[in-house]
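Undergrad: According to our numbering, the sequence shown is numbered sequentially starting from 14.
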Amino acid sequence: MRRRGFVLSALLLSAGAAAGCSSKERAQTASGAPDGAATAASAAKPAQKGPAMVTIAREQQATWVRNFNPLLAEGNVRFPTVAGIYEPMLIYNTMRNEYTPWLATRYEWSEQNTKLTFTIRPDVKWSDGEAFTAKDVAFTFGLLKKHPALDLSGVWKFVGAVTARDASTVEFALKRPYVPGLSYIGHQPIVPEHTWKDVADPVTYANENPVATGPFTEVKVFQNQIYELGRNPNYWQKGKPAVDGLRFPAYPSNDQVSLALTSGEVDWAGAFVPDIERTFVAKDPAHHHYWFPLVGGTATLYPNSTRKPFDDVRVRKAISMAIDREQIVKIAANNYTHGADATGLDDSYERFRNEEAVAAGDWVKLDVARANKILDEAGYPRGADGIRMRGGKPIRFDINVVTGWSDWVRAVQIITQNLKQIGLDASLRTYDFSAFFEALQKGTFDMSMGWTTVEPTPYNFYRDLMGTELVKPVGEMSARNWHRFGAKQADPLFQQFEAATDPAEQKRILDAIQRIFVEAAPVIPLFKNPSWGEYNSRRFTGFPTQQNPYAKLTPNNPPEYLLVLTEIRPR
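Printed below as a string of structure tokens:
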């Protein structure tokens with residue numbers, strides 16, 4: 014047996030995101046004052062009265078639905094169900110480029126990377142006082158096997174068996190060598206066997222009163238417009254959480270979040286705020302702070318490959334060539350970022366970016382004349398009204414986006430205007446987040462805005478976007494491959510990477526995968542998504558900052574935000 018610690022070695026080719034973004038970008042994406050900066054006036058203010066409840070703006074929805082089922086996709090349940098109410102065995106920290114031990118204290122690979130063993134943290138209790146053991150881990154993964162709709166990461170594609178050897182040891186026997194499986198297994202939220210064994214249907218179970226191991230497990234208030242969570246009375250980290258609870262008012266849009274931030278109503282948020290230096294920081298420079306490193310995945314346009322003409326790579330590339338990314342970055346994204354290249358990778362993967370693939374991906378460059386030529390040659394002629402035709406019918410389609418996500422709404426408005434120049438009639442369609450996300454997961458859309466997952470390596474990123482084993486039929490919920498695209502030519506490379514342990518070999522494989530992605534254009538990368546994070550330090554401190562980047566500041570990326578939930582504290 015070869016032991017490996019929790020610090021992510023070169024074996025796993027981590028994202029190397031400690032840099033986050035360039036020095037110039039950092040200067041543009043973080044307010045100057047460090048956490049805890051205070052003026053004499055602010056120091057004179059009296060301490061807050063009553064419970065220390067952190068007000069968080071994280072989901073933009075008009076009303077709340079009470080669902081705390083951690084086995085569902087995060088967008089379907091209330092924050093912080095998957096990492097704050099429930100917890101994983103490990104947390105990959107993008108900013109520190111390492112795994113942090115959580116419900117497990119260590120992991121160990123066999124020599125052939127076909128067996129992964131976790132040592133479970135001792136003396137952890139569920140919030141009802143029952144002991145947490147390795148049996149709970151084995152039970153959780155057993156649920157994923159029994160109910161494939163819950164296996165969001167496709168774990169049982171590479172896991173053969175999960176066995177609790179004793180109360181503190183759980184063993185995963187793999188069907189094949191699978192080094193990237195560490196993050197998929199390690200990040201899985203764990204549920205208690207003693208309360209879930211009698212649940213008739215875990216897929217539809219709302220779990221309204223959760224029993225969990227996380228820092229915040231007590232549902233104190235749940236109403237249509239607000240809910241509140243209190244501390245876990247049996248939390249395993251002594252002295253944590255330092256705050257009494259979390260409070261979540263319903264804000265339907267980014268604009269309302271911006272107003273709540275400016276007024277001091279919100280303590281922590283992860284939203285797009287236009288002109289943030291003027292509208293937020295300048296209102297209270299001592300306490301209003303933000304940090305937007307470009308490690309939030311990539312804002313991406315998803316073409317549904319099961320619907321024509323989006324099954325045609327020429328159409329996908331022509332659409333991309335018609336999009337003015339510079340205009341989107343300037344007008345929609347407030348110059349907080351810059352356009353994506355054809356690899357789709359954000360800055361957390363900078364060390365893996367293949368410049369040959371970048372150069373080959375000229376379809377992300379604005380070239381309306383070439384886009385029109387491609388569509389002409391591909392057999393999509395213009396009709397009398399200038400709209401291109403397929404099979405004698407005009408090509409008209411919708412682009413879905415979330416109501417209230419003002420930056421993305423503006424981006425789609427620009428895109429629909431851009432596409433008119435190449436004879437495509439695209440319409441903006443806005444939905445409440447729940448309806449938007451359901452359509453995305455079920456594949457019931459023409460085109461849709463969306464995000465990409467942030468994982469330890471580009472392997473995970475590309476597997477999500479073109480691994481055939483994740484492609485599901487339209488109508489069946491898919492947590493990752495929303496556009497239903499599989500690149501069979503990439504499958505052998507994914508399997509090679511899964512067994513590779515040499516960094517140079519891993520890099521060679523990833524280079525080849527990037528070239529396939531650029532050639533296939535399964536999705537259309539738009540811009541690197543900032544890791545949105547704002548906070549008000551008037552009542553609470555301990556947030557990550559550019560000066561103390563112990564984690565991402567954003568509450569948007571599980572399970573990393575759990576690192577923040579356990580560190581923030583009252584002033």
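Note that the Cβ used here is the ideal one computed from N, Cα and C, for glycine as well. Predicted model only: the values in this text are computed from it and were never measured.
Does DSSP classify F3 as helix, strand or coil?
TA: Past the boundaries of the shown model lies residue 3; the chain is included only from 14 to 584, so the question cannot be answered.
Undergrad: Spatial neighbours of L163 within its chain, please: C-beta separation below 7 Å, excluding the five flanking residues on both sides.
TA: Along the sequence shown, read from residue 1 onward, the residue named residue 163 stands at position 150. Excluding positions up to five away in sequence, the list reads L84, L156, L157, P215 and V216.
Undergrad: Quick one, are the C-beta atoms of S491 and G463 less than 8 Å apart?
TA: Locating residue 491 in the sequence shown gives position 478, counting from the first residue. Locating residue 463 in the sequence shown gives position 450, counting from the first residue. No.
Undergrad: Write down the C-beta distance between L506 and N494 rounded to the nearest angstrom, noting that I regard them as a contact closer than 8 Å.
TA: Stepping through the sequence shown from its first residue, residue 506 is reached at position 493. Stepping through the sequence shown from its first residue, residue 494 is reached at position 481. Not quite, the Cβ-Cβ distance comes to about 17 Å (not below 8 Å), so this is no contact.
Undergrad: Kindly list the residues whose CB is nearer than 6 Å to the CB of D609, restricted to its own chain and excluding five residues on each side of it in sequence; keep chain order.
TA: Residue numbering for the chain in the displayed model covers 14 to 584; residue 609 lies beyond these limits and cannot be assessed.
Undergrad: Taking the alpha carbon of W115 as the point to measure from, which residue in F458, E573 and K343 has its own alpha carbon closest?
TA: Here residue 115 refers to the residue found at position 102 when the sequence shown is read from its first residue. W115 has its Cα closest to that of E573, out of F458, E573 and K343.
Undergrad: Is it buried or exposed, T107, if we count other Cβ atoms within 10 angstroms and call 16 or more buried?
TA: The sequence position of residue 107 within the sequence shown is 94, counting from 1. It is buried - the Cβ of T107 has at least 16 other Cβ atoms within 10 Å.
Undergrad: Looking only at its chain, what residues have a beta carbon closer than 7 Å to the beta carbon of I522, apart from the 5 residues adjacent to it on each side?
TA: In the sequence shown, counting from the first residue as 1, residue 522 sits at position 509. Excluding positions up to five away in sequence, the list reads L506, Q509, F510 and A513.
Undergrad: Around the C-beta of D354, are 16 or more other C-beta atoms found within 10 angstroms, so that it is buried, or is it exposed?
TA: The sequence position of residue 354 within the sequence shown is 341, counting from 1. Buried, since its Cβ has 16 or more Cβ neighbours within 10 Å.
Undergrad: Using DSSP with H/G/I as helix, E/B as strand and the rest coil, what is A284?
TA: Taking the sequence shown and counting its residues from 1, the one referred to as residue 284 is at position 271. A284: coil per DSSP, three-state reduction.
Undergrad: Grab me the residues of N347's own chain with a C-beta within less than 6 Å of its C-beta, minus the 5 sequence neighbours each way, in chain order.
TA: Locating residue 347 in the sequence shown gives position 334, counting from the first residue. Here the set comprises P287.
Undergrad: DSSP on I289, reduced to helix/strand/coil?
TA: For the purposes of this step, residue 289 is taken as residue 276 along the sequence shown, with counting starting at 1. Helix, per DSSP.
Undergrad: Can you tell me whether DSSP reads K37 as helix, strand or coil?
TA: The residue labelled residue 37 in the question sits at position 24 within the sequence shown. Here K37 scores only 34 on pLDDT, less than 50, and its place in the model should not be relied on; the value that follows carries that caveat. Helix at K37.
Undergrad: Can you tell which of A219, N89, L274 and R364 has the C-alpha that lies nearest to the C-alpha of I289?
TA: As a position in the sequence shown, residue 289 is number 276, starting the count at 1. When each option's Cα is compared against that of I289, the closest is L274.
Undergrad: Extract the residue ranges of the alpha helix (DSSP H) inside the region 512-576, only unbroken runs of 4 or more that lie entirely within it.
TA: With a minimum length of 4 residues, the continuous alpha helix (DSSP H) runs that stay inside the region 512-576 are 516-533.
Undergrad: Leaving out five residues before and five after P331 in sequence, what residues of the same chain have Cβ atoms less than 7 Å from its Cβ?
TA: Here residue 331 refers to the residue found at position 318 of the sequence shown. According to the sequence provided, residue 331 is Ala. The question's Pro does not apply to it. Excluding positions up to five away in sequence, the list reads A384, I387, L388 and I435.
Undergrad: Please work out which residues of its chain come closer than 6 Å, Cβ to Cβ, to A424, disregarding the five sequence neighbours upstream and downstream, and give them in chain order.
TA: Locating residue 424 in the sequence shown gives position 411, counting from the first residue. Contacts found: I341 and A345.
Undergrad: Considering only the alpha carbon of each residue, which of S361, D337 and K433 lies closest to V308?
TA: Against the sequence shown, residue 308 aligns to sequence position 295. The shortest Cα separation from V308 among S361, D337 and K433 belongs to S361.
Undergrad: So Y105 packs on S181, CB below 8 Å; how close in whole Å?
TA: In the sequence shown, the residue the question calls residue 105 occupies position 92. In the sequence shown, the residue the question calls residue 181 occupies position 168. About 23 Å separates the two Cβ atoms, so there is no contact after all.
Undergrad: Which runs of the beta strand (DSSP E) spanning at least 3 residues fall entirely within the region 54-120, listed in chain order?
TA: Listed in chain order, the complete beta strand (DSSP E) runs (minimum 3 residues) inside the region 54-120 are 66-70, 103-106 and 111-114.
Undergrad: Along the beta strand (DSSP E) that carries H301, what are the first and last residues, could you check?
TA: Mapped onto the sequence shown, residue 301 falls at position 288. H301 to Y303 is the span of the beta strand (DSSP E), which, as asked, contains H301.
Undergrad: What does the Cβ neighbour count give for E339, buried or exposed, with the cut at 16 atoms within 10 Å?
TA: Sequence index remark: in the sequence shown, residue 339 carries index 326 (1-based). With fewer than 16 Cβ atoms within 10 Å of its Cβ, E339 is classed as exposed.
Undergrad: With a Cβ-Cβ cutoff of 8 Å, do P306 and H496 count as a contact?
TA: Stepping through the sequence shown from its first residue, residue 306 is reached at position 293. Stepping through the sequence shown from its first residue, residue 496 is reached at position 483. Not closer than 8 Å, so no.
Undergrad: Where in the region 182-233 do unbroken runs of the beta strand (DSSP E), each at least 3 residues long, occur, reported from the N-terminal end onward?
TA: With a minimum length of 3 residues, the continuous beta strand (DSSP E) runs that stay inside the region 182-233 are 182-187.
Undergrad: Check the C-beta distance from K251 over to G243 and give it rounded, since I have them as a contact under 8 Å.
TA: Numbered from 1 along the sequence shown, position 238 holds the residue referred to as residue 251. Numbered from 1 along the sequence shown, position 230 holds the residue referred to as residue 243. That belief does not hold up - the Cβ atoms of K251 and G243 are roughly 18 Å apart, past 8 Å.
Undergrad: Express the C-alpha separation of T466 and W281 in angstroms, rounding to a whole number.
TA: Counted from its first residue, the sequence shown places residue 281 at position 268. Counted from its first residue, the sequence shown places residue 466 at position 453. About 22 Å.
Undergrad: Applying the 10 Å Cβ sphere with the 16-neighbour rule, what's the burial state of H160?
TA: As a first step, residue 160 must be located in the sequence shown, where it is residue number 147. With fewer than 16 other Cβ atoms within 10 Å, it is exposed.
Undergrad: Please say whether T94 and F81 have beta carbons closer to each other than 8 Å?
TA: The sequence position of residue 81 within the sequence shown is 68, counting from 1. The sequence position of residue 94 within the sequence shown is 81, counting from 1. Yes, the Cβ-Cβ distance between F81 and T94 is below 8 Å.
Undergrad: Got a sec, what are the start and stop residues for the alpha helix (DSSP H) L129 sits in?
TA: Within the sequence shown, residue 129 is the residue found at index 116, counting from 1. That residue, L129, is in no alpha helix (DSSP H); its beta strand (DSSP E) goes K128 to I133.
Undergrad: Does DSSP classify E390 as helix, strand or coil?
TA: Translated into the one-based positions of the sequence shown, residue 390 becomes position 377. DSSP places E390 in helix when its eight states are reduced to three.
Undergrad: With the cut-off set at 8 Å, would you say V377 and G352 are in Cβ contact?
TA: Residue numbering aside, residue 377 sits at position 364 when the sequence shown is read from its first letter. Residue numbering aside, residue 352 sits at position 339 when the sequence shown is read from its first letter. Closer than 8 Å, so yes.
Undergrad: Can you tell me which of the three DSSP states R442 falls into?
TA: Indexing the sequence shown from 1 puts residue 442 at position 429. The answer is strand: DSSP assigns R442 an E or B state.
Undergrad: Quick check on T76: buried or exposed, where buried means 16 or more other Cβ atoms within 10 Å of its Cβ?
TA: Start at 1 with the first residue of the sequence shown, and residue 76 comes out as number 63. Result: exposed.
Undergrad: Should the region 562-576 be regarded as contacting the region 540-548, the criterion being three or more beta carbon pairs within less than 8 Å?
TA: Enough Cβ pairs lie closer than 8 Å, so yes.
Undergrad: Go ahead and pull the three-state DSSP assignment for G258.
TA: Here residue 258 refers to the residue found at position 245 when the sequence shown is read from its first residue. Correct three-state label for G258: strand.
Undergrad: Across which residues does DSSP place D411 in a beta bridge pair?
TA: As a working note, residue 411 is residue 398 in the sequence shown. Paired residues: S440.
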